[in-house]
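Q: This is the structure I have questions about; it appears just below.
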Amino acid sequence: MDTANFFLQALLTADMTIRVSVVLIFACLAGLFSERAGIFDIGLEGKMLISAFFTAAVSYQTGYIWYGVAAGIAASMVFALIHGVASITFRGNQLISGVAINFLASGLTVVIGHAWFKKGGLTPPLSYEGRFHEITLPFADALRDVPILGPIYADVISGHKLLVYVAMLIVPLTWWLLFRTRFGLRLRAVGENPASVDTAGVSVVRYRYAAVLIAGVLCGLGGAYLSTSQGAAFGKEMTAGRGFIALAALIFSKWRPWYALMACLLFGFLEAISNLFPNINVFGLFEIPVQFTQALPYILTVVILAGFVGKAIPPRAGGEPYIKER
Amino acid sequence: MDKMPKWADIVLIPLISLMLAFIASGLVVLAIGENPIQAITVMVKGALGSTSGLGYTLYYATNYMFTGLAVAVAFHARMFNIGGEGQAAIAGVGATLVILAFDWPHWALALPFAIMGAALFGGFWAAVPAYLQAKRGSHIVITTIMFNFIAAAVMGFLLNGVLKNPNTQNAETVKFPDGAHLPTAHEFLAPLGINFSKSAPLNISFLLALLCAFLVWFLLWRTRLGYSIRAFGQSEKGAKYAGISAFKIIMISMFISGALAGMLSINVVMGEQERLIKEFVEGAGFVGIAVALMGRNHPVGIILAAILFGMLTQGGFELLWEMPNISKEVVLVIQGMIILFTGALDYMVRGPVEKMFLRMKKGA
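Sequence order for the protein chains is A and B.
For my numbering, add 156 to where a residue sits in the first sequence, where the first one is 1.
For my numbering, add 144 to where a residue sits in the second sequence, where the first one is 1.
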């Protein structure tokens with residue numbers, strides 16, 4: 157392969173990496189808020205799925221993308237609220253609640269979709285106004301001829317859909333909110349040592365609800381991206397395990413926003429590779445099977461969790477309901 | 145501690161939760177403009193109204209008994225095994241390798257070896273996360289989730305590679321030899337003069353499931369090991385003080401859990417498909433969580449809950465024909481509601497019931 161061709165392939169891969177990472181970034185940051193406040197969230201998948209459905213369905217019905225996005229976020233927040241009520245107010249098992257949410261989302265999206273559109277749970281393809289479109293950043297075309305940097309700017313950085321840029325902005329915003337504001341300090345404290353926060357007169361319940369609802373909004377955006385930007389309709393089970401990959405990325409990043417971005421890009425890169433180059437031939441010696449690339453995020457997470465490459469220590473009060481002393 | 149009588153804990157509360165789950169699911173059916181009473185009638189009739197329907201119901205129930213027991217054994221050691229899906233899939237590979245290795249003369253000879261193959265593979269797939277939890281402190285829930293996905297990749301790799309039947313496009317193995325065919329309900333009931341449906345996939349694995357339920361009961365409540373497992377689940381510190389090795393309990397209970405989940409492959413792969421296909425588990429590993437919750441982690445409860453869930457699954461397919469506006473995925477909604485109300489919202493029901501009994505006690 158000559159250099160020019162290689163450069164083209166690299167640009168293509170980088171562009172695809174960004175596109176498939178966005179869902180992971182939204183979901184991973186959702187999990188970050190929730191788990192930093194001490195609420196495990198294995199229902200990321202379900203919340204994204206229900207949002208993907210309602211975004212596409214309402215967007216199709218109204219022909220207006222923003223009604224769709226609002227509906228998707230609202231649906232995801234309802235699910236977040238169910239998780240909150242179960243795990244905060246009724247101190248139920250957070251993992252079981254997450255499993256229930258995933259079940260409900262897989263079922264409801266198909267049942268409602270089937271009754272609504274009579275297409276076996278799919279939504280009809282979205283019209284032009286019902287989807288997001290590529291945004292060309294300023295000077296992208298003018299700068300395209302600049303060697304190396306031009307194509308990178310024009311093909312990799314420019315030309316994405318709105319939610320891609322939103323995701324990239326939410327990463328620094330999350331960092332700032334968690335590590336530079338009083339809200340963030342308290343939210344993190346609620347996940348580390350709720351008793352001491354409570355003693356200081358801060359409501360553990362209120363902060364945990366806030367975190368869970370923020371997670372709902374972010375999962376809502378992730379789902380909306382799937383059905384209106386990465387695709388142009390809702391398909392059954394279209395999240396396809398990405399909520400769990402996001403969970404893997406969260407552990408990989410040790411519950412930190414910038415690392416989360418890196419982990420999502422890494423896992424997105426693996427997805428892009430397995431999409432673009434199913435069978436990778438290593439120096440003509442042997443082939444790496446596509447299933448291995450697909451499984452790599454999960455394998456890496458197991459390795460990280462086992463502490464073979466650095467130790468991932470979750471927030472200390474994670475998974476435990478807080479019971480106020482009387 | 146005795147805020148309420150035992151029967152309230154094991155019968156009343158699950159029943160109330162179940163009612164709530166059905167009401168919530170009924171509201172969903174109402175919301176899409178259909179009659180929930182009619183839907184439930186169709187489902188029950190479809191599940192129990194014919195020997196074919198009953199055969200399917202008990203076939204699914206067999207799967208759910210295995211996965212429910214798997215989740216329950218782990219639960220007793222306070223381990224949340226969410227990896228039944230992957231363990232069952234890998235166990236299918238174990239059973240398949242055993243069955244394809246020989247030209248079996250008779251199923252009675254093939255079955256015990258297939259069981260061993262499935263149990264070893266399923267148990268091993270659960271033992272790795274168990275080891276990582278016991279020795280390296282990884283969270284068992286996350287690791288078993290990851291192992292579900294890794295198992296799916298392994299299945300894809302094997303069934304598109306070495307194990308693939310070269311004569312078909314599908315990702316599946318060759319058909320099993322006739323000597324490994326398990327008797328179906330039709331075959332073993334005919335000599336008794338019962339004419340059971342030929343089409344239903346119910347087979348001898350159903351009896352294996354009942355046997356497993358008995359063995360799990362015996363293990364947990366009648367043996368020293370079972371006592372240690374339950375003691376460890378009650379209080380890890382207390383168990384350690386009593387000289388029970390945490391490592392041993394985690395490894396053994398997860399291995400048994402994985403092996404039980406693996407028995408599903410005997411029912412589906414050996415008993416029905418008679419070949420290994422890629423996605424034969426079809427979510428039964430997750431349904432096991434609902435079954436175990438519903439059955440209060442007791443084998444008797446699990447048998448009853450598994451039959452209920454079997455009815456739901458089979459009834460769901462029947463809905464497709466009778467009420468085309470409702471898709472069979474309504475079953476997932478009902479299952480989700482049951483997990484939500486019996487599992488996560490347990491306290492919501494338990495609190496008021498406890499209060500009611502306290503008031504009654506005071507009044508008396």
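A virtual CB, placed ideally from N, CA and C, is assigned to each residue, including glycine.
How is A:V361 classed by DSSP in three states: helix, strand or coil?
A: helix
Q: Name the DSSP beta bridge partners of A:H316, please?
A: A:I291
Q: Do you know how far the Cα of B:I394 is from the Cα of B:R222?
A: 9 Å
Q: Determine whether the Cβ of A:R342 lies closer than 8 Å to any Cβ atom of chain B.
A: no
Q: So which residues on chain A does B:L276 lean against when the C-beta distance must stay under 8 Å?
A: V458, L461 and A462
Q: Within 8 Å (strictly less), CB to CB, does B:S471 reach chain A?
A: Yes, contact with chain A.
Q: Let me make sure I understand the geometry here. Which of A:G199, A:D301, A:A170 and A:L333 has the alpha-carbon closest to that of A:F425?
A: A:A170
Q: Taking the straight line between their C-alpha atoms, what separation do you get for A:A473 and A:A298?
A: 53 Å
Q: Beta carbon of B:G445, beta carbon of B:G439: below 8 Å?
A: Yes, these two residues count as a Cβ contact at 8 Å.
Q: Mind listing the chain A neighbours of B:H283? Cutoff is C-beta to C-beta under 8 Å, in chain order.
A: L461 and P470
Q: Given a threshold of 16 other Cβ atoms within 10 Å of its Cβ, counted over all protein chains shown, does A:L185 qualify as buried or as exposed?
A: buried
Q: Under 8 Å, do A:R103 and A:V241 count as touching if we go by C-beta distance?
A: Past the edges of chain A, shown from 157 to 482, lies residue 103 of chain A, and the structure says nothing about it.
Q: Can you tell me where the alpha helix (DSSP H) holding A:F423 begins and where it ends?
A: P413 to L432
Q: Which same chain residues, not among the five before or five after A:S430, have their C-beta less than 7 Å away from its C-beta?
A: V446, T449 and Q450
Q: Give the straight-line distance between the Cα atoms of B:A357 and B:Q378, rounded to the nearest whole angstrom.
A: 22 Å
Q: Could you tell me if B:W269 is buried or exposed, where buried requires 16 or more neighbouring beta carbons within 10 angstroms of its beta carbon?
A: buried
Q: Along the segment 206-220 of chain B, what residues have a CB closer than 9 Å to any CB found in chain A?
A: none
Q: List the residues of chain A whose Cβ lies closer than 7 Å to the Cβ of B:M290, in chain order.
A: A404, Y454, T457 and V458
Q: Could you round the C-beta distance between A:Y454 and B:M290 to whole angstroms and report it? I think they count as a contact, below 8 Å.
A: 4 Å
Q: Please compile the residues from chain B whose C-beta is within a distance smaller than 7 Å of the C-beta of A:H270.
A: S471
Q: Hey, out of A:S385, A:L205 and A:P477, whose CA is closest to A:L319's CA?
A: A:S385
Q: Assuming B:K472 and B:G460 are in contact, meaning their beta carbons sit under 8 Å apart, how far apart are those beta carbons, in whole angstroms?
A: 4 Å
Q: A:V438 CB to nearest chain B CB: under 8 Å?
A: no
Q: Tell me, please, whether the CB atom of B:F265 is closer than 8 Å to any CB atom in chain A?
A: no
Q: Going along the chain, which residues of its own chain have a beta-carbon closer than 7 Å to the beta-carbon of B:M145, five neighbours each way excluded?
A: Residue confidence for B:M145 is low, a pLDDT of 48 falling below 50, so the modelled location carries little weight; the figure read from the coordinates is stated next. Closer than 7 Å at Cβ, skipping near neighbours: no residue.
Q: Does the beta carbon of B:M145 sit closer than 8 Å to a beta carbon anywhere in chain A?
A: Only weak support is given to the placement of B:M145: the predicted model assigns it a pLDDT of 48, under 50, and the value that follows is read from those uncertain coordinates. It does not: the Cβ of B:M145 has no partner Cβ on chain A nearer than 8 Å.
Q: Since B:V188 is in the beta strand (DSSP E), which residue starts that stretch and which ends it?
A: Not the beta strand (DSSP E): B:V188 falls in the alpha helix (DSSP H), residues P180 to L192.
Q: Quick one: what's got a C-beta closer than 7 Å to A:G248's C-beta in the same chain, skipping five residues either side?
A: A242
Q: Could you give the uninterrupted runs of the alpha helix (DSSP H) lying entirely in the segment 314-354 of chain B, keeping only those of 4 residues or more?
A: 329-333
Q: Strictly below 9 Å CB to CB, what residues from chain B border A:R287?
A: Within 9 Å Cβ-Cβ: nothing; A:R287 doesn't reach chain B, min ~26 Å.
Q: Below 8 Å on C-beta distance, what does B:Q479 contact in chain A?
A: F259 and G263
Q: Hey, is B:Y491's beta-carbon within less than 8 Å of any beta-carbon in chain A?
A: Yes, B:Y491 counts as interfacial toward chain A.
Q: Measuring only the C-alpha atoms, how far is A:K274 from B:F320?
A: Distance between the alpha carbons of A:K274 and B:F320: 39 Å.
Q: With 16 as the cutoff for other CB atoms within 10 Å, does A:R344 come out buried or exposed?
A: With 16 or more other Cβ atoms within 10 Å, it is buried.
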